[in-house]
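Below: the structure, in structure tokens.
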Amino acid sequence: MNFYFANFTEFLQMGTHGAYVWSCYFLMLVVLLALVITPHFRAQQLKKISRSRKSTVKTSPSSGSGSDHASAA
Amino acid sequence: MNWQWLHRFGSPKWFYEKTHLWVWGLGVLACGLIFVGAVWGLAFAPADAKQGNSYRIIYIHVPSAIVSMAGYYVMAIAGAIGLIWRTKLSFIVMRSAAPIGALLTFAALFTGAVWGKPTWGTFWVWDARITSMLILLFLYLGIIALQGAFQNQDAADRSAAWLAIVGMVNVPIIYKSVEWWNTLHQPATIKFTQKSTIDPSMLYPLIIMFFAFYLFYFWSLLRAVRVEILRRELKTQWVSDILKG
Chain E
5 MNFYFANFTE FLQMGTHGAY VWSCYFLMLV VLLALVITPH FRAQQLKKIS
55 RSRKSTVKTS PSSGSGSDHA SAA
Chain B
308 MNWQWLHRFG SPKWFYEKTH LWVWGLGVLA CGLIFVGAVW GLAFAPADAK
358 QGNSYRIIYI HVPSAIVSMA GYYVMAIAGA IGLIWRTKLS FIVMRSAAPI
408 GALLTFAALF TGAVWGKPTW GTFWVWDARI TSMLILLFLY LGIIALQGAF
458 QNQDAADRSA AWLAIVGMVN VPIIYKSVEW WNTLHQPATI KFTQKSTIDP
508 SMLYPLIIMF FAFYLFYFWS LLRAVRVEIL RRELKTQWVS DILKG
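Here the protein sequences come in this chain order: E and B.
This note's numbering applies: residue 5 is where the first sequence begins, and numbers increase by one.
This note's numbering applies: residue 308 is where the second sequence begins, and numbers increase by one.
See below:
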């Protein structure tokens, strides 16, 4: 199996189709990266929410920890 | 019949704890295969005799289109299981699958449009395959919107599940559209029952990309499901223990 193109410039040009091919691959890269990054950021957000909740629980001890909700599943 | 296994599998906590290692395995495999398939398809596969190099878009266009359709079944079946057995996890899967499917459908439409320009001379035609694919995107977006329209989580889940199930009729229409209607879109080049009409040197990277996109889909779904579990169970002790660490 060999590199199909004569040189790197030809590879980037893809005949006359470089703009079409590379724009598609670039968009797909953006989409895949979005799918990789999104859960990470959502988890970070939840961490923040969880921490701020905990601090409110500490200031008002009467509200309880709510640990029994885990058995609802 | 003993359905206990189903309810245990439907428990978000059990699922979250059991799938920790899967995230790493699937991620490495999916990203590695996408890299191999993309480099092979872009740089090592020969150019097409008729289309030249524009055909290289096939290596991302077809896998993303196939996975966006298969992903719709995943979402709708998860919704149906949620309606029937009322397992928490199935609605979480349905909810998480919708944005992933929408993004992949958009990517398939975009790459198809760009590929259409040098091949057919136009970015867009209202033919059966492309229009039914656009309907798939609207179904995904509709399900996301419906999920957000309700204050009550249960009502949101149930109505989105019904829409997902009704919309399932569109998937075989997309699949068969190139046979049922006389369209600009070419019929499938890879056939399971007859000889494929694509040369092996072009086929191998495509097969790699099929596997890679499926793996990437399930990897993304798994990660989205795990975060959605944390969001929905945020008030429980086990989740706050995880988020603390």
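The C-beta atom is built at its ideal place from N, Cα and C for all residues, glycine as well.
Predicted model, so just to flag it, every value in this text is computed and none were measured.
- Given R402 (chain B), which residues of its chain have a CB within under 8 Å of its CB, disregarding the five upstream and five downstream residues? Here residue 402 (chain B) refers to the residue found at position 95 of the second sequence. Cβ within range, chain order: Q454, D464, A467, E535.
- Query: Between the C-alpha atoms of A462 (chain B) and N11 (chain E), what's the straight-line distance to the nearest angstrom?
  - Reply: The sequence position of residue 462 (chain B) within the second sequence is 155, counting from 1. The sequence position of residue 11 (chain E) within the first sequence is 7, counting from 1. Taking the straight line joining both Cα atoms gives about 59 Å.
- Query: Alpha carbon to alpha carbon, how far is V421 (chain B) from Y24 (chain E)?
  - Reply: Start at 1 with the first residue of the second sequence, and residue 421 (chain B) comes out as number 114. Start at 1 with the first residue of the first sequence, and residue 24 (chain E) comes out as number 20. Distance between the alpha carbons of V421 (chain B) and Y24 (chain E): 6 Å.
- L528 (chain B) to V400 (chain B) span [Cα, whole Å]: On the second sequence, residue 528 (chain B) is found 221 positions in, with the first residue counted as 1. On the second sequence, residue 400 (chain B) is found 93 positions in, with the first residue counted as 1. Spanning the two alpha carbons is a distance of roughly 8 Å.
- Task: Report the rounded CA-to-CA distance for F518 (chain B) versus G22 (chain E), giving the unit in angstroms.
- Result: Within the second sequence, the letter at position 211 stands for residue 518 (chain B). Within the first sequence, the letter at position 18 stands for residue 22 (chain E). In a straight line, the C-alpha of F518 (chain B) is about 26 Å away from that of G22 (chain E).
- Under the rule that 16 or more other beta-carbon atoms within 10 Å means buried, what is S371 (chain B), buried or exposed? Taking the second sequence and counting its residues from 1, one reaches residue 371 (chain B) at position 64. Its Cβ being crowded by 16 or more others within 10 Å, S371 (chain B) is buried.
- Looking only at its own chain, which residues have a Cβ that is under 6 Å from the Cβ of W488 (chain B), when we skip the five neighbours before and after it? Here the question's residue 488 (chain B) lines up with position 181 in the second sequence. Taken in chain order, the residues that qualify are A435.
- Apart from the five residues on each side of it in sequence, which residues of its chain come closer than 8 Å, Cβ to Cβ, to V485 (chain B)? Numbered from its first residue, the second sequence carries residue 485 (chain B) at position 178. Same-chain partners within the cutoff: A435, R436, H492, Q493, P494, A495.
- Item | Own chain residues within Cβ distance below 8 Å of T418 (chain B), not counting five before or after | Position 111 of the second sequence holds residue 418 (chain B). Result list for T418 (chain B): I364, I367, H368, S371, in chain order.
- Inspect the beta-carbon positions of A352 (chain B) and P512 (chain B) and report whether they are closer than 7 Å. Sequence index remark: in the second sequence, residue 352 (chain B) carries index 45 (1-based). Sequence index remark: in the second sequence, residue 512 (chain B) carries index 205 (1-based). Their beta carbons are under 7 Å apart, which means A352 (chain B) touches P512 (chain B) by this criterion.
- Every unbroken alpha helix (DSSP H) within the segment 316-378 of chain B, with a cutoff of 4 residues, ordered by chain: 319-325, 327-346
- Message: Below 8 Å on the Cβ atoms is my contact criterion, and I expect L411 (chain B) with V374 (chain B) to pass it. Report the Cβ-Cβ distance as a whole number of Å.
- Response: By one-based count along the second sequence, residue 411 (chain B) stands at place 104. By one-based count along the second sequence, residue 374 (chain B) stands at place 67. The pair is a contact, with the Cβ atoms about 6 Å apart (cut-off 8 Å).
- Contact list for the segment 413-438 of chain B against chain E, Cβ threshold 7 Å: A414, F417, T418, V421, W422, K424, P425
- Whole-angstrom distance between N477 (chain B) and A47 (chain E), CA atom to CA atom: Numbered from its first residue, the first sequence carries residue 47 (chain E) at position 43. Numbered from its first residue, the second sequence carries residue 477 (chain B) at position 170. Approximately 33 Å between the Cα atoms of the pair.
- Query: Who are the neighbours of A47 (chain E) on chain B, taking C-beta pairs under 7 Å?
  - Reply: To locate residue 47 (chain E), count along the first sequence from 1; it is residue 43. Per Cβ cutoff of 7 Å: V534, L537.
- Message: Judging by CA-CA distance, which residue of B:L349, B:L333, B:I407 is the nearest neighbour of F9 (chain E)?
- Response: Along the first sequence, one-based indexing puts residue 9 (chain E) at 5. Comparing Cα positions, the closest option is B:L349.
- Contact between the segment 314-331 of chain B and the segment 501-510 of chain B (3+ Cβ pairs under 8 Å): no
- Proximity test, Cβ basis, 7 Å: S375 (chain B) and chain E: Working through the second sequence from its first residue, we reach residue 375 (chain B) at position 68. For S375 (chain B), the answer is no, since every Cβ of chain E falls outside 7 Å of its Cβ.
- So M440 (chain B) packs on L416 (chain B), CB below 8 Å; how close in whole Å? Sequence index remark: in the second sequence, residue 440 (chain B) carries index 133 (1-based). Sequence index remark: in the second sequence, residue 416 (chain B) carries index 109 (1-based). Right, the Cβ-Cβ distance comes to about 6 Å (below 8 Å), so this counts as a contact.
- Message: With the cut-off set at 7 Å, would you say Y521 (chain B) and G378 (chain B) are in Cβ contact?
- Response: Residue 521 (chain B) sits at position 214 when you count from the first residue of the second sequence. Residue 378 (chain B) sits at position 71 when you count from the first residue of the second sequence. No, these two residues do not count as a Cβ contact at 7 Å.
- Message: Just to make sure I have the definition right: I need the residues of chain B whose C-beta is within less than 9 Å of the C-beta of A10 (chain E). Which are they?
- Response: Indexing the first sequence from 1 puts residue 10 (chain E) at position 6. Correct list: empty, because the minimum Cβ distance to chain B is about 12 Å.
- The alpha helix (DSSP H) spanning E535 (chain B) covers which residue range? As a working mapping, residue 535 (chain B) is identified with position 228 in the second sequence. Start and end: 507-539.
- Message: Can you pull the chain B neighbours of L39 (chain E), defined as C-beta to C-beta under 7 Å?
- Response: The residue you call residue 39 (chain E) lines up with position 35 of the first sequence. Neighbours of L39 (chain E) on chain B, chain order: I407, L410, S527.
- chain B within 7 Å of K51 (chain E), Cβ atoms only: Numbered from its first residue, the first sequence carries residue 51 (chain E) at position 47. Yes - at least one Cβ of chain B is within 7 Å of the one on K51 (chain E).
- Message: Tell me the rounded alpha-carbon separation between I460 (chain B) and E540 (chain B).
- Response: For the purposes of this step, residue 460 (chain B) is taken as residue 153 along the second sequence, with counting starting at 1. For the purposes of this step, residue 540 (chain B) is taken as residue 233 along the second sequence, with counting starting at 1. The sequence shown places Gln at residue 460 (chain B), not Ile. Q460 (chain B) and E540 (chain B): Cα-Cα distance of roughly 12 Å.
- Message: So that I know if they touch, is there some Cβ in chain B lying closer than 7 Å to that of S59 (chain E)?
- Response: Along the first sequence, one-based indexing puts residue 59 (chain E) at 55. Chain B, which has no Cβ nearer than 7 Å to the Cβ of S59 (chain E), makes this no.
- Query: Within 10 angstroms of its Cβ, does K52 (chain E) collect 16 or more other Cβ (buried), or is it exposed?
  - Reply: Stepping through the first sequence from its first residue, residue 52 (chain E) is reached at position 48. K52 (chain E) should be labelled exposed.
- Between which two residues does the alpha helix (DSSP H) harbouring M89 (chain E) extend? Here chain E has residues from 5 to 77 only, and residue 89 (chain E) is not among them.
- Backbone secondary structure at M401 (chain B) - three-state DSSP: Within the second sequence, the letter at position 94 stands for residue 401 (chain B). It is helical.
- Item | Nearest candidate by alpha-carbon position, reference G408 (chain B), set B:Y447, B:L537, B:S397 | The sequence position of residue 408 (chain B) within the second sequence is 101, counting from 1. Ranking B:Y447, B:L537, B:S397 by Cα distance to G408 (chain B) puts B:Y447 first.
- Does DSSP classify W431 (chain B) as helix, strand or coil? To locate residue 431 (chain B), count along the second sequence from 1; it is residue 124. The answer is coil: DSSP assigns W431 (chain B) none of H, G, I, E or B.
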